[in-house]
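Data block below; observations after.
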Amino acid sequence: MIFKNIGQWDFEKKQREKKQIQQSKRIKMVIQTIQYFLQAENQQSTLLQQKSFKYSYQEQVVRNQVKIRNRQLLKQLQKNKVVRQKNKKQLNNQLIEDDQKITVENLQKLAKKRGYIYYTKEQFEEKNDNNDTINFIFENILQKRNCKIEKNGNDYEKLVYKGNVLQKLNQFKQAILYYDYAIYKYPENFQAFFDKANALKSLNRFEEALKYYDYAIQKNPECAEIYNIKANVYQSLKRFEEALQNYDYAIQKNPEDFKAYQNKANALQNLKKFEEALQYYDFAISKNSQYADIYNNKANALQSLNRFEEVLQCCDNAIQLNPENVRALENKANALKSLNRFEEALQYYDYAIQKNPQCADLYNNKASVLKSLNRFEEALQNYDQAIQKNPKCAEIYNNKANALQSLNRFEEALEYYDYAIQKNPKCADISNNKASVLKSLNRFEEALQCCDQAIQKNPEDFRGFQNKANALKCLNRLEEALEYYDYAIQKNPECADIYNNKASVLKSLNRFEEALQCCDQAIQKNPEDFRAFQNKAFALQSLNRFEEALQYYDYSIQNNFEDDMVFFGKAYALQSLNRFDEALQYYDYAIQKNPECADIYNNKASVLKSLKRFEKALQCCDQAIQKNPEDFRAFQNKGIVLQNLNRFEEALQYYDSAIQKNPENTIAYYNKANALQNLNRFSEALKYYDYAIQKNPEDFKAFLQKAIALKSLKRFEEALQFSDQAILINPECADIYNNKANVLVSLNRFEEALQCCDQAIQKNPEDFKAFQNKANVFYKLNRYSEALEYYDYSISKKPDDFMAFFNKGIVLQSLNRFEEALQYYDYAIQKNPEDFKSLQNKAIALQSLNRFEEALLFFDQAFSKNPEDFMAFFNKAIALQSLNRFEEALQYYDYAIQKNPEQADIYNNKGVALQSLNRFEEALEQYDLAIQKNPEDCKAFQNKAQALKSLNRFEESQQYVDLANYLYAKQTSKINNTQITIINHLKYPSQVNHLKK
């Protein structure tokens, strides 16, 4: 570590020695140059004295000639007074012009001599860091001048000259002392007053400067330059009207001086009177068409009027006059940037940088263009170069932070906003921008603090209020957000963005009509802003006014064909109108515009699901997951599609992923419960319905589905409680009343069930399910005519629903109207060819018509649709039994038992078949199994009694007859309070006790 430090010290020492050598060479060169200029000055002074004598002699000659000519003219003018006056004016003007020419020539030569020395000083100041050395050399010049002044203290020109040299050295206070001395010695000469005013102006002591300009004007009221520079001081004080008056005086004194016109144009530009400014720039050009700065300034005025093509012409004129003019190149680049001709703009920024590589603004502006081209890394490099050239400029740090924000490098952006604030703590814009980044980082409280700082720095800037409103909106403090949007509108009632954002908040508060009004105001302020039309479409969509929404989406698309969200919104509106094919088309447009947006794939998957194109829907879900693996909605949607494909186990996996991504998402818990319910895992389903309710106690669907799950578990009273809770949350939902009616039917509370059906019909007269449910209740009450009537209502509401036809077939079958029943089963099969129950019931109806062979065919079709349904095998066995094909019947009873070994009727009927084959012992075994499965079934006891009788076991037979009678009486509600009496009359009370148990 010690060796390393010694090496560094040696290296630094050598570098210092090298710099000292270079510096001494520069100082020698400066001294030689100054000595040369001093010699030149002495020579120039001698020449000037000679020429001054020559000019004085010439002036005297001219004056004598004028006197002679005046005498001659006076004689002639006595004859004609008008002619005399005219000629006198002409002669006086000529004399003045001659005087001015002589004075101007002398001043120009003197200025050239002085200016060359000042120029040399400036050049060396730029090339040498040690300005103290340069100042020391010029102090030597001043000392020599002091020696001359001491020899001739009354030399007015030398006093003023020394003051001017001091001004060039930025020693303004010392310069003022010399001007004061010159004024004291020569109070009638305007030059000292004028130069002192300039020195005061350089010290920003503008009011004092104005006083001395007025003194100079008193001494020389005809000097246009004094008015011109005095007007410039007024501009610095932002007293533009007074500046304009003085420019007018300057023009009046010297109508040929282009600078007065140019400066007046600048003042008009500061007053934003751009058209008038352009007129005066044109006047200036007419006076001097070879001065590039006029074209530059005119270009600025045209830029303010967005007349960019004319700006380019002016810049080209300036560049043609002076190809080295950096301002012209920069202005042209700015105009090209405004025309979005970014590549050309970059080219001209590069030209300007070649001419002036030390100008920070050029790198700053070039970076801005690169940012517009999304070439952010290059932009950052140029911002770094700009900072290197001008590390004190807050704007550059601010712009770099903006670029970092565009790259989502928010922490770095905050760092540079802090640098910008350090450089310019009073700038509200920087605080506003910092607030925007903090909002992107979800650090909303800090964002609010920044907005408050911005408002404090500039209470008249609407952006501070607007940004604060945006942050409050993100915190769901919507009422406060509205308040600050209103403040922003007060500050800038013409800004369409504020109305747009306010409309968004009103939409979130479900105040859609007010939101629409805000959208209309935004459209009025800026009819070209597609967002206003888009926001209005969103609001109309929220009001279910989808057709109107589509119109505004179209307006938005006309104004901005490249925005994916407009196509996305229109697709969603079409989806809401069940115009699925058109919706798909617009989702595809949205994907073309933004192929990385996961939401579009999610919604497209939803449309494909509605079209039952499930495989393609799964593909869209996979694309959504690929685009955004952290978006829970993609996993959730895939689970829903898999559920529609009856792939419930896979669906559960994706619901679990959705819950993992967002544990607060109610829908994932709800859908997982649904999938478990479809798998008959009702207890687990209840647990997930509880999670859904816990996450969102206001979601009536979770209560409704939990009630359905409880009904499946035959926990009917609890099911009713949850149905009632769902009704409390949403008393207008017809589905809740429908499901409650189903629960009441299960409890045999048919009249209450009918009331619930009526309430469902009242809530939604177009809901076919309510009519169908009421028909089902009437069927349970054996009120078949009314049941048929309500099935017809259901069919009229939804002719495509097969269940109404199926259920009507059952009612007709119950009325022994088998032919009509067959007709409605055919309708049901036509509507849903995959429903095995319709095929099975048709087979049963055919069986009732003794059309057994046909019945067998339909049972076979039912097998093919659902091989796991025991009823088809069971019913086919009955049909075969009816055809006395007992052996085949037994085979199908065995198939049915394999499918459902707990069903007592199968054993009972199998026993009957065996009994028909006189296989009584086997029959008795089947009857015992039937009784074991269902001790309440009187048919099994009755059939066993018959079998025992066939075996001449009469005592046992009578016992089972009595039990059968008891059970039959109990089932037909003929046993109430007389139950004990009946039991006492039975011959085998022990069997009765066993039965009761």
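Count along the sequence shown from 1, then add 445; that gives the number in the numbering used here.
Every residue gets a Cβ at the ideal spot worked out from N, C-alpha and C, and that includes glycine.
In this structure the segment 1035 to 1043 does not touch the segment 1051 to 1061; the number of beta carbon pairs closer than 8 Å is below three. Note on Glu1109: under 16 other CB atoms within 10 angstroms of its CB, so exposed under the neighbour-count rule. In this structure, Tyr623 places its C-beta atom within 7 Å of the C-beta atom of Leu604. Note on geometry: alpha-carbon atoms of Gln765 and Asp806 lie some 23 Å from one another.
In its chain, beyond the 5 residues on either side, Phe635 have a beta carbon closer than 6 Å to the beta carbon of Asn665. For Asp1212, no alpha helix (DSSP H) segment is defined, and its DSSP state is neither H nor E. The Cβ atoms of Ala1334 and Phe1365 lie no closer than 7 Å to each other. In summary, Ser749 is exposed, with fewer than 16 beta-carbon neighbours lying within 10 Å of its beta-carbon over all protein chains present. Within the same chain, Glu789 and Ala790 come within 6 Å of Leu781 by CB-CB distance, once the 5 residues on both sides are set aside.
Within a 10 Å sphere around the beta-carbon of Ile841 sit 16 or more other beta-carbons, which makes this residue buried.
With 16 or more other Cβ atoms inside 10 Å of its own Cβ, Lys1185 counts as buried. Scanning the segment 618 to 661 for uninterrupted alpha helix (DSSP H) segments of 4 residues or longer gives 635 to 647, listed from N- to C-terminal end. Within the segment 747 to 780, the runs of alpha helix (DSSP H) at least 4 residues long that lie entirely inside it are, in chain order, 753 to 766.
The Cβ atoms of Lys845 and Tyr861 sit closer than 7 Å to each other. Annotation for Tyr1224: Ala1232 and Val1256 place their beta carbon closer than 6 Å to its own, counting only its chain and skipping 5 residues before and after.
One Cα belongs to Lys732, the other to Tyr1000, and the distance between them is close to 51 Å. The Cβ atoms of Ala873 and Asn843 do not sit closer than 7 Å to each other.
For Tyr1352, the enclosing alpha helix (DSSP H) has its first and last residue at Ala1349 to Ser1361. In the structure shown, Glu924 falls within a helical segment according to DSSP collapsed to helix, strand and coil. With a threshold of 16 other beta carbon atoms within 10 Å, Glu1279 falls short and is exposed. Judged by beta-carbon spacing, Tyr1034 lies beyond the 7 Å limit of Cys1065, meaning their Cβ atoms are not closer than that value. By the CB criterion at 7 Å, Tyr1100 and Ala1113 fall inside the cutoff. Secondary structure within the segment 1227 to 1291: the alpha helix (DSSP H) runs of 4 or more consecutive residues, fully enclosed, are 1229 to 1242, 1247 to 1259 and 1263 to 1276 (chain order). Across the structure, Cys940 and Phe651 are spaced so that their CA atoms are roughly 38 Å apart. With contacts defined as CB atoms closer than 7 Å, Ile934 and Gln911 fail to qualify as a contacting pair. From the listed residues Glu1129, Lys777 and Leu961, the smallest Cα separation to Ala797 is found for Lys777. Judged by DSSP in its simplified three-state form, Gln966 adopts helix. Between Ala1375 and Tyr1338, the C-beta gap is not smaller than 7 Å, which leaves the two residues out of contact. Following the DSSP letters along the chain, one finds Tyr1034 inside the alpha helix (DSSP H) bounded by residues Phe1025 to Lys1038. Restricting attention to Leu747, Lys1378, Asn673 and Gln1326, the CA atom closest to the CA of Gln1360 is found in Gln1326. Ranking Ala705, Ile730, Glu687 and Tyr736 by CA distance to the CA of Leu716 puts Glu687 first.
At least 7 Å separates the beta-carbon of Leu988 from that of Val950.
Straight-line spacing of the CA atoms in Lys884 and Phe821 works out to 21 Å. Going by DSSP, Cys1065 is part of the alpha helix (DSSP H) stretching over Phe1059 to Lys1072.
Around Asn903, the same chain offers Ala873 and Gly909 as residues with beta carbons nearer than 8 Å, after the five sequence neighbours per side are excluded.
Approximately 5 Å separates the beta-carbon atoms of Tyr1229 and Leu1260; this is inside 8 Å, confirming the contact.
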